[in-house]
Each structure stands twice: as C-alpha cells, then as structure tokens.
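K.L.:
Numbering (this note's numbering), first residue to last: -10 to 255.
First the structure, which I've put down as structure tokens, then a few questions once you've had a look.
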Amino acid sequence: LVRKVQEKVTGISAQFPLPPMARQTFSSWLADRRKNKKGAAPKEGEEVREVVLFPTCYGEFNTPEVARAAVVVLEHNGFRVIVPGTEPEDIEGLTCCGMPNLDGGDIAGYTAKVEKNVALLLPHVRAGRKIVVPGPTCGYTMKREWAEYVRAPEVKEVAAATLDLMEFLVTVAREKKLDREFKHSLGKVAYHAACHLRAQKVGFPGARLLGIVQETDVRVIEECSAVDGTWGMKAAYYETGRKYAQRLVRGVEGAEPDVVVSDCTL
C-alpha cells in the first residue's frame, strides 16, 4: 500500500525493487578502520603508492560492501587509499556524480555537483594521483559527461585522471604489481558487461581480472539492465524496461553460472 502511494507521489514504480539502505555507511566504516589502524602499511623501503577512491552514492549508502572491498583490494596491492571528505584535514566531502540530475534534466543541480567534486579532486590529480570509480555509470559520467556540460580546463584534468576501478587494476596487473595468489576457483562466472562500461571503450576489465583466477570460466553477457540511471525506476517506463531486461536474464540463465558478477549496481 505504501509503495502504491509512493508511486503516485514520486512516479517511482511500486514494483521496482528499491535499493537497500546500509546500516553503516562506507565513510563510517572507513573512519572506524582508520581509528583501529587497520589496513595496509608499506613495508620498509617499499614505494608508497596513492590512489583516490570516488565511492559513488551506491557505494556510500546502498552497497558499501563494494567500496569496502575496493579499499581492501587496493591496500592489499600496496596502495594508500584516499577518499576526499574522510581525511582529517577535510572540511567537506564528495557529493553525487550528478547523473540522476542529468537524467531528470536538472542541469543547474548537475553543474553544481560537478564543480564541487572537481574542486575536491583537482589537488589530488595535480599531485599525480589517479581517481578510481567502482561503478560504470559514475565512471562514464565523470569521464565523458562532466567536461561536456562544464567546459573548464580543470574539469578536463579530472576527467582525464579518472578510471574505472577494474580498468585501474588491469593497469596494475600489466605493471606486474597485482597480487595473483588466489586460493579458490570461482567456477563458471556469468559476467554482465554493463552499458556504461561498454560506452567507456575500455573493453571488459572486470572479466579480464576474473580470468586470472585459476580454474575460472568467465562468460561475458552484453545485455542492458534497462534501468538507465533512474529511467527504469519510473512507473511510466518500468514495464518497457523490464521487457528489455529479459534479454539479460536469459543470458545469465543460459550460462548456468555458479556466480553472477556485474560492475552495474542497477
């Protein structure tokens, strides 16, 4: 009943599975981790490498286990992970990449978010750090859309330093600096290649990384989740989106996988 009322008020379909809200945000987890002095410390004489994580709204509020795993994996591979807004000297933190605003035609709101994020990220980029994003929609927005709408050289600088998280880890593997000691096979993996990942034209870095794990068979499924940011959540388009998403469902079912993997939280 509440969902039906919500549909009338907000336009979000009563049938669309709402994203979960985490009991503990990613930022709170990170603060606890630092307080308890957990995480990787460089060994004596080892090069200290740093990377900036843009956790995304999903990573902060809905699926923080993804952003947490990103920190653990990056630290395990010798990186100090910086998240603007969580450092002791920070006054304010990162905000949404702006895609939901852009999706709904709110250009002013979108522009304000881009400008705020760029101001926080630019000093790190100029210090030589890369920005990694665990979500193809945010990654695509930051790489391609930010500079299209906010035409400032600083925005282009930040966009040029932004990588999809899996794309970044592939570069680490190419440098032969990725830990490849895996203890267990993942079996047969159905890997969903998300639309906003394909639009970045970086191949399927997640599938390549999964292929490193011994005795793991990766099947790539190039179909759309048909959510498109917030489009598929809306009552007006929900049934159409669900219809097109069946191609993805059939692709996953046809692979008969042991596990399903996607960079796309939607």
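Don't be surprised by glycine CBs; every beta carbon is placed ideally from N, CA and C.
Could you check which residue in P9, Q(-5), M10 has the C-alpha nearest to that of A3?
P.N.:
It is Q(-5).
K.L.:
By the 10 Å Cβ neighbour count, where 16 or more other Cβ atoms means buried, how is V216 classified, buried or exposed?
P.N.:
buried
K.L.:
Given V114, which residues of its chain have a CB within under 6 Å of its CB, disregarding the five upstream and five downstream residues?
P.N.:
E146, V147, A150
K.L.:
If we count the other Cβ atoms within 10 Å of its Cβ and call it buried at 16 or more, is N106 buried or exposed?
P.N.:
buried
K.L.:
Can you list, in chain order, the stretches of the beta strand (DSSP E) that have 3 or more residues and sit fully within the region 155 to 220?
P.N.:
Qualifying beta strand (DSSP E) stretches, in chain order: 176 to 181, 205 to 210.
K.L.:
With a CB to CB cut of under 7 Å and the five nearest residues on each side skipped, what residues in its chain are close to L83?
P.N.:
F43, P73, G74, N106, L109
K.L.:
Give the C-beta separation of A244 and A196 to the nearest angstrom, bearing in mind that I take them to be a contact with Cβ-Cβ under 8 Å.
P.N.:
Actually they do not touch by this definition, with Cβ atoms about 13 Å apart.
K.L.:
With P123 and A56 assumed to form a contact (beta carbons below 8 Å), what rounded beta-carbon distance in angstroms separates them?
P.N.:
6 Å
K.L.:
Thinking C-alpha only, which one of V40, S17, K132 is nearest L158?
P.N.:
Here the closest residue by C-alpha is V40.
K.L.:
For the region 129 to 146 against the region 167 to 176, are there 3 or more C-beta pairs whose distance is under 8 Å?
P.N.:
no
K.L.:
Which same chain residues end up closer than 8 Å to K119 when comparing Cβ atoms and leaving out the 5 residues on each side of it in sequence?
P.N.:
Setting aside the 5 residues that flank it on each side, K119 is surrounded in the same chain by V40, V41, A150, T151, L152, F157, each with a C-beta closer than 8 Å to its C-beta; the list follows chain order.
K.L.:
Look up L152 in the DSSP assignment and say whether it is helix, strand or coil.
P.N.:
strand
K.L.:
Under 8 Å by Cβ, that's how I've got F171 and V202 pegged, so tell me the actual separation to the nearest angstrom.
P.N.:
That pair is a contact at about 5 Å.
K.L.:
Would C86 pass as a contact of M131 if the rule is Cβ separation under 9 Å?
P.N.:
yes
K.L.:
Report the option in G117, E204, E211, K(-3) whose CA atom is closest to the CA atom of G192.
P.N.:
E211
K.L.:
When you compare only the Cα positions, how much space is there between C127 and R133?
P.N.:
Each residue's CA atom was taken as its position, placing C127 and R133 some 10 Å apart.
K.L.:
Select from D168, P53, P112 the residue whose C-alpha is nearest the C-alpha of H65.
P.N.:
If we check each option's Cα against that of H65, D168 comes out closest.
K.L.:
Just list the alpha helix (DSSP H) runs in the region 8 to 78, keeping only unbroken ones of 4 residues or longer that don't cross its boundaries, in chain order.
P.N.:
Residue ranges of uninterrupted alpha helix (DSSP H) with 4 or more members, entirely inside the region 8 to 78 and ordered along the chain, are 15 to 24, 53 to 65.
K.L.:
Taking buried to mean at least 16 other C-beta atoms within 10 Å of its own C-beta, is D252 buried or exposed?
P.N.:
buried
K.L.:
How is V107 classed by DSSP in three states: helix, strand or coil?
P.N.:
Residue state, collapsed to three classes: helix.
K.L.:
Rounded to whole angstroms, how far is the Cβ of T14 from the Cβ of P53, which I believe are closer than 8 Å?
P.N.:
Indeed, because the Cβ distance is near 6 Å, the residues count as touching under 8 Å.
K.L.:
According to DSSP, is V250 part of a helix, a strand, or is it coil?
P.N.:
strand
K.L.:
Would you mind stating whether A188 and Y129 have Cβ atoms separated by less than 9 Å?
P.N.:
yes
K.L.:
My output table needs one value for V144: the three-state DSSP class, helix, strand or coil.
P.N.:
helix
K.L.:
Strictly by DSSP, which residues pair up with V241?
P.N.:
BP columns for V241 are empty, so no partner.
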